[in-house]
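Heads up: the structure comes next, in structure tokens.
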Amino acid sequence: MNFRWQLTPPQPLLADSLARALRISPLLAQCLINRGLTETGCCRAYLEPKLARLQDPFALPGMVEAVDRLEQARLRGERVVLFGDYDVDGVTATALLQEVLEGLGWSTAVYLPHRLEEGYGLSPEAVANCLARFPTRLLLAVDCGSTSFEVIRQLQDRGVDVLVVDHHQVSQPAPPACALVNPRVRTGPDAQPVPFGELCSVGLAFKLAHALVKRGRQQGRPEAAAFDLRPLLDLVALGTIADVVPLSGENRILVKAGLARLNATRRPGLQALCQVARCPEPLDTYEVGFQLAPRLNAAGRLETAEAAFHLLRARSPMEAGPLADQLNRWNRDRQALERRILEQVLQRLRDRFNPETDYVIVEGHPDWHLGVVGIVAARIVQEFYRPTLILGGDGETWRGSGRSIPGFDLAAALRRCSDLLLRHGGHAMAAGVSVLPRHLDALRVRLNELARQALAPEALQPVLRIDAEVALHQLTTSLLCELDRLRPFGLGNPTVQLAARALTHHRPLQRFGPDRQHVRLWVTDGTAVLETVWWNGGDQPLPVGRFDLAFVPQWRSRDGQRTVQLRLLDWRPAA
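Residues in the sequence shown are numbered consecutively from 499, following the working numbering.
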């Protein structure tokens, strides 16, 4: 991958002012500025995320109406049927809400649709199967429903009220739900966005839980007074990290507290999952996103998400162990499927991809498994840095999943292709579609036309954002401890990436790994020598002579001691 290095312009006067006010280093102050934080109070709140800073859940659109209808159901003894989604966000949100509702006196049932047989969200087939199994007058759609206008209208006509707790884009007109708890809802033409736009569905589920507890305490109900919301934060962290939403605003607070809960979780299911995934301690966003989340997602991708849901709700190690083992097996099967389909897509692209004209990649095949096309699309984006849509067969129609790059709103582009599609929905960076195979070529042409209008050629080259230039002697263990205050890292709060100029090799490099695919270097700028690791850099051109290095400073633990190590991102010849 050929990166464009982008050094954030230093602001030494502002950085020095913040450093003095907050008693931090100028480098940490510059990193805060790079993340849009320039006021002392905002910086302090960012460095010290606290649950006390969470805002009133009733400020969310639809929250009052949702709590009112749920209270009505409790008083009437109506069963609330939770209709979830099959990804980690949907499963954790559903598990959280069932735990809260049952703990506060509601009767509940849970229905999770089958990805291959029923499709995403409130499809007519899934809703019919749900109501046949769990007749109800109140359906709570979790992580879906914001575009299900016709299905919700039909349910309303049948006397079934629908509450929607979701963070996806809302259809126009909005579905006629009894309550639509979604931060994307606008209450008027001049309405300002609510301050919860970064939340995913498990975050919204936590806000609903908070609202229910708050209402119950106002009513003087003892079960609400005794209910502790904090143990739910492990689920919130898990779903939020897995859904790759910005770790800013309330998400930063929830994930920071949630990771602490996750590392001390008493849930047998999460304990068992950590064991089969061989997660190191302590868990951070990487382990959650790349070890736990794929195993939970594997259930919904290949079979049904019920195994993942039951794992999260397991009451004992005896119940949790077999479920964790099953998810681990499904994850291995998912990886094999993914590798096979990815190689087929890559073979097609090797034959016909033109980087000058192909702004969007659209590929499909009737044999490609619907459960992994989204992962394959993400892999293709990593390889080619193009918005990508990968589709698999679903009878007479094809269904697929897309991933995008900054500057191209995939969901908006699909709306402009609606005449070619059966269904579509999602976010700017990820979306899903259903299409007839005969329209695939026309869809590819249309999306490429839209992308050429939206993206300049340089936007098709990934940017390597660099926080600051440093000398190697600045990279001390005390500085790393300070930079750790920026954690948790993720979308919206990237890892600290630095650059050092005019380096040379201090000693010969070493290759390591089963296939000698990794490289260990010792680099110096004359002020210090630091060990550097380049993962999977063995088949890349290696630094020679004098070179500039872009890297992430990180910890290395050895013999009980922690030292500073660099993770190489990119290099270039020194000027």
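We put the CB at the ideal spot given by N, CA and C, even for glycine.
What would DSSP say about Q570, mapped onto helix, strand or coil?
helix
Applying the 10 Å Cβ sphere with the 16-neighbour rule, what's the burial state of F788?
Flag for F788 reads exposed.
What do you get for P611, buried or exposed, if any count of 16 or more other CB atoms within 10 angstroms of its CB means buried?
By the neighbour-count rule (16 or more Cβ atoms within 10 Å), P611 is buried.
DSSP on S1055, reduced to helix/strand/coil?
strand
For G539 and R502, what's the separation of their Cα atoms in angstroms?
33 Å
Could you tell me which of H925, A735, V598 sits nearest to V565, measuring between CA atoms?
V598
For A791 and G798, which I take to be in contact (beta-carbon distance under 8 Å), what is that distance rounded to the nearest angstrom?
Contact flag wrong, Cβ pair sits at about 11 Å.
Could you say which of R1056, P1041, F704, G1036 lies nearest to L558 if we only look at CA atoms?
F704
Roughly how many angstroms lie between the CA atoms of G905 and H665, to the nearest whole one?
In this structure, the CA atom of G905 is about 21 Å from the CA atom of H665.
Relative to the alpha-carbon of L512, which residue among N500, T506, A527, V786 has its alpha-carbon at the smallest distance?
Comparing Cα positions, the closest option is A527.
Report the residue from E576, C772, D587 whose alpha carbon sits nearest the alpha carbon of E785.
C772
Of the choices T645, E696, E600, whose alpha-carbon is the least far from that of P622?
Closest option to P622, Cα to Cα, is T645.
Please name the residue or residues paired with E623 in a DSSP beta bridge.
DSSP output for E623 lists no bridge partner at all.
Considering only residues of the same chain and omitting the five flanking positions on each side of V870, which have a CB-CB separation below 7 Å?
R799, R832, L835, E836, I839
Could you give the distance in angstroms between the alpha-carbon of L568 and the alpha-carbon of P693?
24 Å
Going by beta-carbon coordinates alone, are V933 and L889 separated by less than 8 Å?
Cβ distance < 8 Å, so V933 and L889 count as in contact.
Tell me, which residues are paired with I859 by DSSP?
Bridge partners of I859 according to DSSP: T886.
Would you identify the three-state DSSP class for D1068, choosing helix, strand or coil?
Looking at D1068 - three-state DSSP - the assignment turns out to be strand.
Roughly how many angstroms lie between the CA atoms of S523 and A517, to the nearest whole one?
6 Å
Name the residue from N1034, E1029, R656, Q1052 whose alpha carbon lies nearest to the alpha carbon of V994.
Q1052
Spell out a yes or no on whether the segment 589-609 and the segment 729-744 are touching, meaning 3 or more CB-CB pairs, one atom from each, closer than 8 Å.
yes
So A910 and L525 are in contact, right, with Cβ under 8 Å, and what is the actual spacing, rounded?
38 Å between Cβ atoms; not a contact.
Let me know if T974 comes out buried or exposed under the rule of 16 or more other beta-carbons within 10 Å of its beta-carbon.
With fewer than 16 Cβ atoms within 10 Å of its Cβ, T974 is classed as exposed.
Buried or exposed, going by whether 16 or more other CB atoms sit within 10 Å of the CB of M927?
buried
Tell me the rounded alpha-carbon separation between P1041 and W1069.
Answer to the nearest angstrom: the Cα atoms are 7 Å apart.
Quick one: is A630 buried, meaning 16 or more other Cβ sit within 10 Å of its Cβ, or exposed?
Around the beta carbon of A630, fewer than 16 other beta carbons lie within 10 angstroms, which makes this residue exposed.
Quick check: what's the CA-CA separation for A929 versus A876?
A straight line joining the alpha-carbon of A929 with that of A876 spans about 12 Å.
Looking only at its chain, what residues have a beta carbon closer than 6 Å to the beta carbon of R728, apart from the 5 residues adjacent to it on each side?
Excluding sequence neighbours, R728 sits near nothing in its chain.
Under 8 Å between the Cβ atoms of L962 and A1048?
yes
Under 7 Å: does the beta carbon of V860 sit that close to some heavy atom of the ligand SAH?
Although the ligand SAH was asked about, the structure shown includes no ligands whatsoever.
Take the Cβ of L920 as the centre, count every other Cβ of all protein chains shown within 10 Å, and call the residue buried at 16 or more, exposed below.
exposed
Below 8 Å, can you find three or more Cβ-Cβ pairs linking the segment 847-858 to the segment 944-951?
Segments in contact, yes.
Mapping DSSP to helix, strand and coil, what is G900?
In this structure, G900 counts as strand in the three-state DSSP scheme.
State the Cα-Cα distance for the pair E956 and Q504, rounded to the nearest angstrom.
13 Å
Should the segment 889-903 be regarded as contacting the segment 860-869, the criterion being three or more beta carbon pairs within less than 8 Å?
Contact holds: three or more Cβ-Cβ distances are below 8 Å.
Residues in the same chain with beta-carbon distance under 6 Å from P935, minus the five sequence neighbours each way, listed in chain order, please.
W896
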